[in-house]
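Working notes, beginning with the structure itself.
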Amino acid sequence: FYLTPPQVNSILKANEYSFKVPEFDGKNVSSVLGFDSNQLPANAPIEDRRSAATCLQTRGMLLGVFDGHAGCACAQAVSERLFYYIAVSLLPHETLLEIENAVESGRALLPILQWHKHPNDYFSKEASKLYFNSLRTYWQELIDLNSGETTDVREALINAFKRLDNDISLEAQVGDPNSFLNYLVLRVAFSGATACVAHVDGVDLHIANTGDSRAMLGVQEEDGSWSAVNLSYDHNAQNEREVERVKMEHPKSEEKSLVKQDRLLGLLMPFRAFGDVKFKWSIELQKRVVESGPDQLNDNEYTKFIPPNYFTPPYLTAEPEVIHHKLRPQDKFLVLATDGLWETMHRQDVARIVGEYLTGVHHQQPIAVGGYKVTLGQMHGLLTERRAKISSVFEDQNAATHLIRHAVGNNEFGTVDHERLSKMLSLPEELARMYRDDITIIVVQFNSRVIGAY
Amino acid sequence: AAGMFLRLLSDIQWRAANPKWRRMTSSQRSTSTTAEPHPVPLPAQAQVVICGGGVVGTSVAYHLSKMGWKDIVLLEQGRLAAGTTRFCAGIVSTARPVSIELKMAHYSNKLYQQLEQETGVQTGYMKTGSISLAQTQDRLISLKRIASSLNVMGIPCEIISPKKVLQLHPLINIHDLVGAMYVPEDALVSSANVSLALATAASRNGVQIHERTSVSHVTIQKGHVTGVETDRGRIQCEYFVNCAGQWAYELGHSGEEPVHIPLHACEHFYLLTHPLKEPLSSSLPTIVDPDGRIYIRNWQGGILSGGFEKNPKPLFTEGRNQLEIQNLQEDWDHFAPLLSGLLRRMPGLESLQIKQLVNCPESFTPDMRCIMGESPTARGYFVLAGMNSAGISYGGGAGKYLAEWIVNGYPSENVWPLDLKRFGTLQSSRTFLRHRVMEVMPLMYDLKVPRWDFQTGRQLRTSPLYDRLDAQGARWMEKHGFERVKYFVPPGNDLLDLDHSKTFYKPDWFDIVGSEVKCCKEAVCVIDMSSFTKFEISSTGDQALESLQYLFSNDLDVPVGHVVHTGMLNEKGGYENDCSIARLSKRSFFMISPTDQQVHCWAWLKNRLPDDSNLVLEDVTWKYTALNLIGPRAVDVLSELSYAPMTAEHFPSLFCKEMSVGYANGIRVMSITHTGEPGFVLYIPIEYALHVYNEVMNMGQKYGIRNAGYYALRSLRIEKFFAFWGQDLDAFTTPMECGREFQVKLDKGIEFLGQEVLLEQKQNGVYKRFTMFILEDHDTDMDLWPWWGEPIFRNGRYVGKTTSSAYSYTLERHVCLGFVHHFDEKTGEKLVVTTDFINQGEYEIDIAGQRFQAKAKLYPFSSLFTQRRRKDEVELSGYQRE
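Order-wise, the sequence lines are chains S and C.
UniProt numbering applies: residue 1 is where the first sequence begins, and numbers increase by one.
UniProt numbering applies: residue 1 is where the second sequence begins, and numbers increase by one.
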């Protein structure tokens with residue numbers, strides 16, 4: 001079974017999406033030029049999700065990747081809801097009041113987010129009312145709590161993550177008279193999702209991470225080379241601090257059973273996640289909800305199963321770790337990606353491949369003759385070489401696609417091997433997950449000119 | 001750095017040569033190097049203020065002062081010749097396809113040649129000659145066409161073989177060349193020094209020059225320039241000349257009443273090298289390799305090479321922008337294709353060491369021609385800018401024409417192709433300009449075949465029928481932003497092929513247009529002609545008639561419902577416009593003019609109509625869709641749709657009546673077709689356009705109706721010897737010179753503009769005569785097609801140029817229209833052209849160096865007029881348009 005290059009491309013490009021921050025002919029006052037995103041499924045259906053939106057009532061842009069497990073319900077819900085929680089957390093008191101008053105009197109609502117969605121990125125119509133009511137309760141509480149202080153982004157991100165996870169949990173406990181919705185909220189709560197979210201506002205970049213997706217900054221050194229700076233810590237067994245944290249939160253007696261085979265309670269890879277109430281609720285609560293729940297839930301062995309050595313829940317939290325970074329002109333791009341990418345590629349390679357891709361497209365690494373002695377022939381050779389490099393990149397119009405091409409198709413020499421690509425992409429559904437994970441990537445490109453002017 | 005050095009050198013020379021300037025500045029400069037920049041206060045008033053101290057501004061100052069005007073102030077925001085002029089490559093090249101540009105460049109060359117002697121300022125003038133290379137046969141054809149025009153102007157020029165190229169320039173790789181054009185008198189100059197020399201001469205003639213003075217805006221009152229506000233105070237003036245180069249657009253928009261100057265800057269790169277081991281001779285010819293997109297000149301023993309790349313980098317879209325100015329740096333990756341072109345052309349230069357890649361922004365215009373003339377809205381506001389990277393070549397000549405324009409009220413040559421008024425506000429959108437100049441810059445070196453069109457900035461003005469026509473296979477061209485149909489591709493034809501019909505030979509739409517013409521002759525065709533400029537002039541009393549009688553040459557005091565073909569003449573009897581005017585009522589007139597007259601004609605009338613609130617001039621172009629029903633069956637279609645008799649007895653030729661067509665009432669029907677064929681033009685209020693079109697097409701089916709385009713119209717009008725304003729007619733052509741005396745009211749005792757000249761011509765004869773030529777030994781399938789601008793030879797001697805041409809499907813021959821002069825054999829002086837002179841010659845038309853025999857005719861073939869209605873009017877109406 002062999003895929004032709006156009007077939008490979010159509011698979012790779014099926015989910016690609018690009019957004020350019022609107023500009024008027026060359027002038028873009030935003031520190032973000034735009035972003036490219038893409039995902040390649042291994043699961044069927046894919047369990048990864050992605051989101052991107054511009055905050056309309058505050059400044060800044062939100063981007064996130066979400067890696068679901070035990071189904072895609074939780075990742076889907078988080079991808080739809082999390083940014084609203086963050087945006088609301090960031091809103092000043094007056095705007096919250098204005099929005100509440102509008103809802104109260106049935107007036108048109110101020111738009112809070114402008115979404116940048118691929119046609120395949122859907123929102124659940126059925127649950128929108130339920131989600132909205134939960135969100136409204138949240139902002140009503142924020143209004144009541146009015147601290148009068150300006151909103152700190154770090155705090156807003158942490159609050160939003162925790163609040164959404166809490167709402168997911170509550171909605172599942174309360175249930176819904178509509179049987180479809182009732183099943184939905186339970187599926188959301190019993191499945192899980194990690195989240196890695198970036199908030200960019202001018203030179204302030206915040207990364208809020210829960211789980212083992214990763215944010216990485218691409219930095220161009222003075223000599224033109226590329227280096228990678230991690231802007232998140234993986235919450236998994238490889239992170240000693242994280243293992244330490246989990247152990248701290250539970251009695252010493254559980255020390256041995258907490259992390260087994262690099263998994264939480266021997267089951268879960270990420271040490272932080274949304275949903276996954278099986279690692280959060282008491283056994284009693286789990287039993288009560290499952291028993292009173294719909295038949296489908298009862299028929300599902302997974303939901304009924306209680307993790308071993310389950311003594312002192314919660315074992316899992318959705319609280320993110322937030323890293324703040326002040327953008328510098330040499331910070332050219334940010335890569336947000338689910339672990340499907342990082343399992344196959346080293347971050348240094350990611351930085352180099354994306355960096356060369358972006359400069360190839362934009363010629364960002366100017367040559368200057370200065371005082372050197374350069375002949376026309378030497379210059380010509382140099383330029384021809386640079387162009388050849390660029391043209392190999394031209395196949396992809398999307399940095400995320402380009403990265404996926406490398407992640408899936410790289411041979412031992414670090415170059416894309418079509419045969420390998422073809423094989424990897426034509427694996428039957430049931431085998432695909434053995435060779436690769438879902439991959440979701442967002443590459444955000446920064447506007448060095450604007451950043452330099454700050 | 002080299003530029004700086006040149007500058008310093010020239011500064012010294014310039015001040016030494018100019019005692020007055022030294023008095024103003026030297027003391028300051030000697031005590032302080034940094035700047036006490038304004039030693040001399042600005043005058044409170046001047047007759048003329050020129051903004052811009054580049055080659056263009058200094059040339060205008062030079063020529064104004066030469067013509068005797070002394071009260072002139074030239075303001076420069078930085079230092080003289082420090083902008084684009086300082087950086088430009090200094091190539092004076094006369095090989096220009098447009099006649100007026102050729103003349104300007106030729107004059108510039110002659111001017112610069114003697115400038116050093118005149119002023120004492122070293123200009124670096126060196127007559128090196130230039131060689132334009134052809135890598136393809138088509139390119140060679142285009143060079144041959146230029147060579148033909150240069151030769152008849154007396155400018156030495158030769159088509160040479162690749163071998164000869166190698167003899168003239170030993171470094172050139174000739175293996176891919178098919179030929180070249182050698183212009184031995186082309187020259188190199190130091191452009192900054194030319195500018196300084198012009199300034200020096202102007203200054204000696206009394207022009208005051210102030211550097212480091214910025215114009216913030218121009219004040220305009222009651223439509224006339226009153227003064228200039230600068231960062232150093234105000235100067236009252238009568239005339240303002242905007243020579244601000246790439247800042248001209250911004251300056252035009254800085255005042256309360258904007259003056260739209262459509263130009264946009266692009267980065268332009270050229271390379272400087274160190275000298276060769278054996279330094280290149282300073283007399284080595286300049287090489288232009290348009291197929292390789294580059295030019296190469298010798299420079300200080302090394303070379304200077306730049307070009308016009310396919311992917312230009314526009315800048316300053318939002319106006320002056322410090323960020324962008326700072327970013328103007330070398331961009332080698334961008335220059336890479338041009339460097340490849342250079343090394344391919346001169347492989348021996350591989351080891352030559354790079355000195356610098358210079359980035360020097362140039363301003364470009366929407367149609368690749370510079371912008372000259374007076375603002376249509378602000379009298380006394382003149383513009384000369386948008387040189388499309390040929391500022392040095394054009395600067396001298398353009399400055400001369402503009403100076404003449406200011407002093408005399410008109411220049412000594414037809415500069416309509418460069419007139420600011422060919423543009424309106426519609427070309428002033430920054431988005432439009434940005435996109436268009438990105439197309440224009442590469443076009444500088446692209447091969448331009450007959451009837452090429454711009455591809456950007458399209459679909460701006462359209463008829464309401466656009467989508468309908470497009471769906472039926474319409475192929476479009478653009479005029480003044482308006483989309484017009486060229487022809488309709490019948491279903492089943494290979495569309496791709498047709499869109500790429502770029503050839504100097506028979507185009508592949510030949511048969512398509514042929515069948516449209518046939519349908520016009522035998523049945524009926526519909527052509528959407530909505531783009532025409534339409535004005536209404538009305539008054540409460542007789543003011544409209546009285547004013548128009550003076551401004552138009554034909555008698556407009558005709559019965560209501562009559563249509564008159566008439567010229568709008570200037571003082572010299574030349575056509576400022578050529579139009580048809582319908583008398584709608586005693587006191588109101590409906591005027592139809594060519595599409596590109598919208599701004600010019602409006603300004604002309606506004607400036608000359610009496611200031612009377614009871615006299616109203618209105619531009620109604622946008623209100624009407626015009627459908628031209630051409631053909632013998634038009635009358636049947638229309639009478640069936642209106643239940644009104646349309647035969648000649650009821651609806652004679654040149655008649656206008658409002659009537660119903662289908663359900664739509666109030667359609668203005670005129671029995672003219674602009675082709676000499678029978679038929680009608682329907683002026684339809686736009687909301688009825690689709691209805692009327694559908695009705696016409698449905699009803700017309702049984703009469704064989706079909707859509708047609710402008711190419712069919714053009715073929716029809718040219719075979720009938722109808723002249724077209726802007727193509728055949730211009731401000732230097734009188735009705736007497738094109739056989740249109742019958743359209744002039746000389747015998748009516750009514751005074752009108754241009755009358756004296758026409759009377760004088762009637763008495764003494766004319767010095768040129770519009771003539772029709774039928775090509776005799778021209779093979780339509782095999783030979784190059786004529787376009788326009790081809791030299792006409794009479795008995796082997798050059799007598800003029802063609803102005804338009806078309807294949808006549810009826811005569812099955814090519815028809816060229818053009819002007820014949822009678823140059824004295826010895827002195828070259830223009831003599832009177834008589835009918836005998838025309839009739840007794842043997843004629844040839846030169847198409848790209850190949851001469852074809854032609855038969856000259858002063859009157860059209862009467863056999864072509866299938867149906868005569870009002871015999872007197874139709875037969876010799878000689879009226880046409882577009």
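Virtual Cβ for every residue (Gly too), placed ideally from N, Cα, C.
Remember, predicted model here, so these are calculated numbers, not experimental data.
Does DSSP put residue i in a helix, in a strand, or in coil?
i, result
"N230 of chain S", "strand"
"T312 of chain S", "coil"
"V443 of chain S", "strand"
"K521 of chain C", "helix"
"G381 of chain S", "helix"
"P411 of chain C", "coil"
"P791 of chain C", "strand"
"G90 of chain C", "coil"
"V200 of chain S", "strand"
How is the beta strand (DSSP E) around residue i delimited, first residue to last?
i, result
"K448 of chain C", "First-last for K448 of chain C: undefined, no H or E at that position."
"A46 of chain C", "45 to 51"
"M104 of chain C", "Looking at the DSSP string, M104 of chain C is not in any beta strand (DSSP E); the run it does join, the alpha helix (DSSP H), is 99 to 119."
"T771 of chain C", "768 to 775"
"Y809 of chain C", "Neither: Y809 of chain C is in no beta strand (DSSP E) and is coded neither H nor E."
"L96 of chain S", "Here L96 of chain S belongs to no beta strand (DSSP E); instead the alpha helix (DSSP H) covers 93 to 104."
"F333 of chain S", "331 to 337"
Under a CB-based cut-off of 8 Å, is residue i close to chain S?
i, result
"S363 of chain C", "no"
"W332 of chain C", "yes"
"A336 of chain C", "yes"
"G354 of chain C", "Contrary to the premise, residue 354 of chain C reads as Ile rather than Gly in this sequence. Yes - at least one Cβ of chain S is within 8 Å of the one on I354 of chain C."
"E844 of chain C", "no"
"T456 of chain C", "no"
Looking at residue i and the ligand HEM, is the gap between the Cβ and the nearest heavy atom below 7 Å?
i, result
"T462 of chain C", "Only the bare structure without any ligand can be found here, which leaves the ligand HEM out of the picture."
Buried or exposed: where does residue i fall if 16 or more other Cβ atoms within 10 Å of its Cβ makes it buried?
i, result
"K830 of chain C", "exposed"
"I442 of chain S", "buried"
"G348 of chain C", "exposed"
"V560 of chain C", "exposed"
"T734 of chain C", "buried"
"E790 of chain C", "buried"
"E249 of chain S", "exposed"
"P610 of chain C", "exposed"
Using the DSSP secondary-structure output, state which residues sit across from residue i in a beta bridge.
i, result
"D528 of chain C", "C:L627"
"F552 of chain C", "C:M568"
Would you please verify whether the beta carbon of residue i is less than 8 Å from any beta carbon of chain C?
i, result
"K20 of chain S", "no"
"V203 of chain S", "no"
"G377 of chain S", "yes"
"V29 of chain S", "no"
"V361 of chain S", "With a pLDDT of 48 at V361 of chain S, under the threshold of 50, the modelled position of this residue cannot be trusted; read the value that follows with caution. Answer no: the Cβ-Cβ gap between V361 of chain S and chain C never drops below 8 Å."
"I367 of chain S", "yes"
"L383 of chain S", "yes"
Looking at the unbroken alpha helix (DSSP H) that takes in residue i, where does it start and where does it end?
i, result
"K479 of chain C", "Looking at the DSSP string, K479 of chain C is not in any alpha helix (DSSP H); the run it does join, the beta strand (DSSP E), is 474 to 479."
"C74 of chain S", "73 to 90"
Proximal residues, the stretch 296 to 312 of chain C versus chain D, C-beta separation under 8 Å
No chain D is part of this structure, whose protein chains are labelled S and C.
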